[in-house]
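A short worksheet on the structure shown next.
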């Protein structure tokens, strides 16, 4: 049956039109979440690899959706053909989304104009806020027009908002879940980030074209209106006032997004840090919400004997208890599970993490996900325009989501930590239930909601006792903080060594590795004749930049650290190890993304050293990109050098060769230094000069037959391996393909990655190949 036959208006056409509209709503929801997920990762290139970036994208996205829905409420009564509005909105999403796709190509030119001083001040913060809000908010605004427009044209004579309005919302939400799993499961692996974005844009065009085709067949004079029988059905008096329904829509959005933020932080305490884990959690949340929406009509039937206010009080109270108990269930399950480290394929990891999340977190989101659909059902009884009424609810729900996420990240998580924050949100749900009970319900309902609040408060006290740091590893926790970037703890082992632990799984640095951390500063400084102005990308404990204070030729040190929590840890617990660098007049610690800050500096440093970055960490692979290396080269003074340290024990040979090829694309003369094969955690340094140094001929017994003159007298000749002999056409890492981040992330999640990383015997063999100037195959 062709599209024209589906859309021809006849006695049976509303059902056909509605099924067609459901398909478009499903596709629109899928594309919207594909965009949102990929935008979250792409905006890291603008805002930096921190939790601030994620929350900013979420905030701009939901704010855009809310404003778009509010505008739809005003526009729909003035629109003769809602199909045209839906088509136009989809086309405008496609056009405006191109700004995010091309962001790496146009945003880098902004930072040198600002300069490093303005970048870390209010002009830089304002610039990032404006660009991110417009880049995400504008296409999200047009997304917010689509569902109300579809509701306006689809919910007509033989269908009512009580049933079909919920179905439209539920199918749109389910589409979002399927879109997410499509990206995580195979799209981004097959196509890369940029191509995935372009596919999503093409789908927007396809959806818009379908709406436009429907618009041409739409005949205003045949538009079906409610008959008298249905009017009698739909204008039945509602016991719940419109302002209260609007408040419930707002509370639902705020609660869901606040819960999602706290849950994500907790899951990342145990799931490997990567692009894939938070995306899988988001899929699980959206799927549970869609299932809750599909269940809502049945819930209406089951609770038809209850007053409507009582129904909302009960669901809010049960949601509070269900949300508050999730930390117990999730942490108890993962304590005995091996799914986080033992997987044959990426899809197996995603499937298992999604399964565990749905089992342990899903019930809470399923119950809480019933609230907004039930609000849609109540509004249907007011006898108003379906599209306009749904638009109002979506606007309030989206605004609630925006504020809920901000409150969770800015206040609840820092105050209560990842476990307690979820319990606190549960208390919030129960408190709203009690307030609603006092306003509109019977004394028995008040007593029951009081009981639910008491249970929620008790659970909050219990979940707050759950450890953030795994107690089985033998660490004593000296201090811990929680924020947008996750959990940061200062720990001490049984030998008294202190370290900074990120999200319970990654050690940023510690006193046990003091010598190695100081080497990362002393080696590059020894390779420059007069290192006056030096920069370190990464602070961690501060031991690396602190070592530069021992060099009398160094006049200024700039240490760039993205996390204020890490800075706090380094200041409070590692001052002796970092030689009190925070208080030294020669040193400046900048809280900013390393790639962005370096891009703002032109010809300012004699030496720049890059820290050991986590290859699979979300956004950290940018610091191995060709765009970053080009910015570093521009930040060097005449004759300056760049030293990028590489964690061999976290890379496979092929990943190392991608980084090497990328580095060599910018620094054709790439020199290699490495710690000895006996080092249990070997590290390697790529060194490149702003201008290639002079060579000095040496004896055949030296490490290389052509030893660079700058090596002589550096005290680190024994670490020098030679010049990297790359192969033409080798794959490079860019901001568009995310080659290192995605490949390292997949490797980390599957099989036994330790058997492929470069340490022990494997590193010794690879090093021999480098000494022969022949990279190991």
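In the numbering used here, the protein residues as written are 1 to 777. For each residue, glycine too, the CB sits at the ideal point set by N, CA and C.
{"Check": "Taking all protein chains shown into account, do 16 or more other C-beta atoms lie within 10 angstroms of the C-beta of residue 125, making it buried, or fewer, making it exposed?", "Outcome": "exposed"}
{"Check": "In terms of residue numbering, what span does the alpha helix (DSSP H) encompassing residue 311 cover?", "Outcome": "308-334"}
{"Check": "Quick check: what's the CA-CA separation for residue 262 versus residue 364?", "Outcome": "13 Å"}
{"Check": "Less than 8 Å between the C-beta atoms of residue 577 and residue 511, yes or no?", "Outcome": "yes"}
{"Check": "Tell me, which residues are paired with residue 681 by DSSP?", "Outcome": "DSSP output for residue 681 lists no bridge partner at all."}
{"Check": "State the DSSP-derived secondary structure class of residue 115, mapped to helix, strand or coil.", "Outcome": "helix"}
{"Check": "If you run the structure through DSSP and keep just helix, strand and coil, what is residue 222?", "Outcome": "Since pLDDT at residue 222 reaches only 46, below the 50 mark, its modelled position is unreliable, and no value is offered."}
{"Check": "Below 8 Å CB to CB, which residues in the same chain sit around residue 164 once its five sequence neighbours on both sides are set aside?", "Outcome": "18, 154 and 155"}
{"Check": "Do residue 270 and residue 334 have their beta-carbon atoms positioned less than 8 Å apart in this structure?", "Outcome": "yes"}
{"Check": "With distances taken between CB atoms, is the gap from residue 358 to residue 287 smaller than 8 Å?", "Outcome": "yes"}
{"Check": "Would you say residue 127 reaches chain B, if we count a Cβ-Cβ gap shorter than 8 Å as a contact?", "Outcome": "Considering every chain present, this structure includes no chain B. It has just one protein chain."}
{"Check": "Tell me, please, whether the segment 423-435 touches the segment 305-320 by the rule of three or more beta-carbon pairs shorter than 8 Å.", "Outcome": "yes"}
{"Check": "Buried or exposed: residue 130, going by 16 or more other Cβ atoms within 10 Å of its Cβ?", "Outcome": "exposed"}
{"Check": "Mapping DSSP to helix, strand and coil, what is residue 446?", "Outcome": "helix"}
{"Check": "Around the Cβ of residue 72, are there at least 16 other Cβ atoms within 10 angstroms (buried) or fewer (exposed)?", "Outcome": "buried"}
{"Check": "Using a Cβ-Cβ cut-off of 6 Å (strictly less than) and excluding sequence neighbours within five positions of residue 625, which residues of its own chain qualify?", "Outcome": "733, 734 and 735"}
{"Check": "Return yes when the Cβ of residue 553 is within less than 8 Å of the Cβ of residue 524, no when it is not.", "Outcome": "no"}
{"Check": "Locate the alpha helix (DSSP H) running through residue 348, then write down its first and last residues.", "Outcome": "346-360"}
{"Check": "Helix, strand or coil for residue 181 per DSSP?", "Outcome": "helix"}
{"Check": "If you measure between the beta carbons of residue 726 and residue 644, is that distance less than 8 Å?", "Outcome": "no"}
{"Check": "Are there three or more Cβ pairs, one per stretch, closer than 8 Å when the segment 58-69 is compared with the segment 187-200?", "Outcome": "no"}
{"Check": "To which residues does DSSP link residue 480 through a beta bridge?", "Outcome": "489"}
{"Check": "Hey, would you say residue 146 sits closer than 8 Å to residue 86, going by beta carbons?", "Outcome": "yes"}
{"Check": "Between which two residues does the beta strand (DSSP E) holding residue 404 run?", "Outcome": "That residue, residue 404, is in no beta strand (DSSP E); its alpha helix (DSSP H) goes 386-407."}
{"Check": "Considering only residues of the segment 541-568, which uninterrupted beta strand (DSSP E) runs meet the minimum length of 3 residues and lie entirely inside it, listed in chain order?", "Outcome": "556-561"}
{"Check": "Would you kindly report the start and end of the unbroken alpha helix (DSSP H) that includes residue 141?", "Outcome": "122-154"}
{"Check": "By how many angstroms is the C-alpha of residue 688 removed from the C-alpha of residue 769?", "Outcome": "21 Å"}
{"Check": "Here's a check: name, in chain order, each residue in its chain whose Cβ is nearer than 7 Å to the Cβ of residue 600, leaving out the five neighbours to either side.", "Outcome": "111, 112, 114, 115, 116 and 119"}
{"Check": "DSSP on residue 579, reduced to helix/strand/coil?", "Outcome": "coil"}
{"Check": "Between residue 684 and residue 667, which are expected to be in contact by the criterion C-beta below 8 Å, what is the C-beta distance as a whole number of angstroms?", "Outcome": "So it is not a contact: roughly 15 Å between Cβ atoms."}
{"Check": "Ignore the nearest five residues each way along the sequence and tell me which others in residue 196's own chain have a CB closer than 8 Å to its CB.", "Outcome": "34, 38, 183, 187 and 188"}
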